[in-house]
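Under mature numbering (1 follows the signal peptide of the UniProt record, and there is no 0), the letters of the sequence shown match residues -19 to -1, 1 to 190, in that order.
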Amino acid sequence: MKRLAPLCLALLLAACAQSATREVSTTSAPAAPASPATAPDALAYRPANSGAARFNSKIIFLADQIERNIQHKNLLPAVLASTFVNLDDLDDTSPLGRLITENLIHELQVRHWNVYDIRLSKAVAVNPAGEFVLTRDPKLLEYQYLVAGVLAGTYSVTDDEVFVNARVIDVNTGVVVSSGQISLPIDDFVARLLVDGDQLKPMRIIRGK
């Protein structure tokens, strides 16, 4: 029995040592550094192969910008969509301007915007200084359509690109509450939309009264 006492004491001391080691390692291990807060993912253009697919990808990118840049979408219960016009000739639009508007209406609608398809001649005009102006009383627009904003935009043609600028304007204040910008390479698809031919004549914008 006396021989067992030293053995039991040795085992007890060994167990205590192991327990202490585990406790030290548990309490002294440095805490993992907190991961830094991640910024919102940057918007990215989705490359495509065909001209039509590239155009659609660019419009999706433009809609993403408008969606991202607006801070209080819920304050705009509905938005009037107007036809995009040529910045160098504000009285004219083209198949390109109309197609930009059509695609943006779709892209904003799938992002849960309430968009009214009201053409530029009915609600918005562009003055000689290039400013977008309402052709109707804002209160009347708000009453008739329950709108608080207008989607408007221009495009500018260069040698090899078309620059498109879009903005959402608060009806009551005239403040730009969101905007977006893209450039379209003038490939065969875009070039056909800019041609002033028998089937692709620019459409004259009739200013509202």
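Cβ coordinates follow ideal geometry from the N, Cα and C atoms, glycine included.
Between the alpha carbons of residue i and residue j, how many angstroms are there, rounded?
i	j	result
Asn37	Asn84	8 Å
Asn95	Pro58	7 Å
Asp69	Gly155	23 Å
Ile51	Phe144	21 Å
Gly32	Phe170	5 Å
Tyr97	Val91	14 Å
Ala172	Asn30	16 Å
Gly78	Tyr136	7 Å
residue 196	Leu132	This structure gives no information on residue 196, because the portion of the chain shown stretches from -19 to 190.
Asp72	Lys39	25 Å
His53	Thr139	34 Å
Asn67	Thr74	6 Å
Arg49	Val176	33 Å
Val157	Ser63	15 Å
For residue i and residue j, which I take to be in contact (beta-carbon distance under 8 Å), what is that distance rounded to the nearest angstrom?
i	j	result
Gly161	Ile41	Actually they do not touch by this definition, with Cβ atoms about 11 Å apart.
Val149	Ser159	4 Å
Ala34	Glu88	Actually they do not touch by this definition, with Cβ atoms about 15 Å apart.
In the DSSP assignment, what residue or residues form a beta bridge with residue i?
i	result
Arg148	Ala133 and Ser160
Asp70	Asn67
Val96	Val60
Val143	Val138 and Leu165
Less than 7 Å separating the beta-carbons of residue i and residue j?
i	j	result
Pro76	Leu165	no
Phe65	Ile81	yes
Asp141	Ile167	yes
Ala147	Gly130	no
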